[in-house]
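In the working numbering, the protein residues as written are 121 to 401.
Each remark here refers to the structure printed beneath this line.
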Ligand code: NAP
C-alpha cells in the first residue's frame, strides 16, 4: 500500500491559526527581527516567506538587509542593537553568511533568550542536557511531523542522515530524548543503506537529491525529508519521493512537508522568547 503523505502545509496552517488568535488577544505583540546579508536568492526566498508568515499572524516584524560586503563589526553592532531593543523578542540572522564573516561569532552574539533559531552554543547546550529552552525550528518541525502520524517514537529505530549543528544533530538529540534508538549517518558513513534499512523512522537531511532510494527504506517506515535542492529549476528533497512512497508508511513531500512547519515553529519560538523576556530570563 502506498505511503500516507504527511501534509505539512495543512499542519502548519492549523498551528499558525492557533498562534494568530493567541496574538490577536495580546496587547504587546511578539517581535521578530530578521537580518539578511547579501543577495543569495535562496536566502531571499526563505526570509521573505518568514516575514510574510509572521505578518500574517499579526506579529511585529522588522527586516534588515545588509550589503554582502558589510563588515563583521557592523553586523555585530546591529545584533547588539537588536539585543537591546525591547520590541524585538527574537533575532534571526539568515545563514549562510558571506565567507569573510565568522558565522559562529555572529550566531553566538545573539542573546540566548532572543535566539529563536536555537543555534547559539548556549541553547544547543541546553538541548543536549535535556533542558530545552529554544530549540532549532527545523528539528522541532521534524519531531512535530513524526508525532503527527500518531506512531510511538519510544523504542523505535531512528536513522538521521546528516549531522549539521542546525538540523541533523538536534534532530538526533530530540529523537534520543523521546527514547528512540538513534543512528546518525554522514558523508563518511560506509554503506548508508545498511543503516537506513533498519529505520522505523528515517530523517533525510543531507542536501543531496534522490540520496534515499526505495531499496534503502524499510517497509512501513516514517520518512521525513528535510532536504531542499534545486534541480532543473524545481525544488526537490533528498528522497526519491515517487519510488519511496510505494514502500514507506508515511512520507513528507518537498515542497509542502518540513518547510511550512519550520516557519510555524519559528513563530512559536518567538512567542516563547517573548514569554522568557517577561519572566526576565
Ligand atoms: P549541511 O550543513 O550541508 O549538512 C549536510 C549533512 O549531510 C552533513 O552532515 C553531511 O555529512 C551529510 N551528507 C552530505 N552528503 C551526504 C551523503 N552523500 N551521504 C550521507 N550524508 C551526507 O546541511 P544542513 O544545513 O544540515 O541542511 C540539510 C538539508 O536540509 C539541505 O538541503 C537544506 O537546504 C535543508 N534544510 C531545510 C530546512 C527546512 O526548513 N525544510 C531547514 C534547514 C535546512 P558531513 O558532516 O560528513 O559533511
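Using N, Cα and C, we set each Cβ at its ideal position, and we do this for glycine too.
As DSSP reads the structure, residue 324 sits in a beta bridge with 281, 345. In the displayed model, residue 186 falls within a strand according to three-state DSSP. Near the ligand NAP, meaning a beta-carbon closer than 5 Å to one of its heavy atoms, we find 258, 282, 283, 284, 287, 306, 307, 325, 326, 327, 328, 346, 347, 348, 378, 379, 382. In the three-state scheme derived from DSSP, where H, G and I count as helix and E and B as strand, residue 382 is classed as helix. Among the bridge pairs identified by DSSP, residue 301 is matched with 277.
In the DSSP assignment, residue 313 falls outside any beta strand (DSSP E) and lies within the alpha helix (DSSP H) extending over 312-316. Across the structure, residue 276 and residue 150 are spaced so that their CA atoms are roughly 37 Å apart. Residue pairing by DSSP places residue 124 opposite 370 in a beta bridge.
Counting other Cβ atoms within 10 Å of its Cβ, residue 229 reaches 16 or more and is therefore classed as buried.
Its chain contains 156, 214 as the residues whose beta carbon lies nearer than 7 Å to that of residue 163, once the 5 sequence neighbours on both sides are disregarded; these appear in chain order. Residue 154 sits in a strand when the DSSP states are folded into three classes.
Cβ neighbours of residue 281 within its own chain (closer than 6 Å, five residues either side excluded): 305, 324, 326. Classified as exposed, residue 353 has fewer than 16 neighbouring CB atoms from the shown chains inside 10 Å of its CB.
For residue 354, the enclosing beta strand (DSSP E) covers residues 354-356.
Restricting attention to 391, 380, 399, the CA atom closest to the CA of residue 170 is found in 380.
Comparing C-alpha distances from residue 357 to each of 368, 367, 372 shows the shortest one belongs to 372. Here residue 400 carries a coil assignment [DSSP, helix/strand/coil].
Contact between residue 231 and residue 223 does not hold, since their C-beta atoms are separated by about 17 Å, which reaches or exceeds 8 Å. Nearest to residue 251 by alpha-carbon distance, out of 339, 130, 294, 359, is 294. Excluding its 5 nearest sequence neighbours in each direction, residue 177 has C-beta neighbours in its own chain below 7 Å: 136, 139, 140, 143, 387, listed in chain order. For residue 364, the uninterrupted alpha helix (DSSP H) run begins and ends at 361-364, by DSSP. For residue 211, the enclosing beta strand (DSSP E) stretches over residues 210-213. Per DSSP, residue 146 lies in no alpha helix (DSSP H) segment and is marked neither H nor E.
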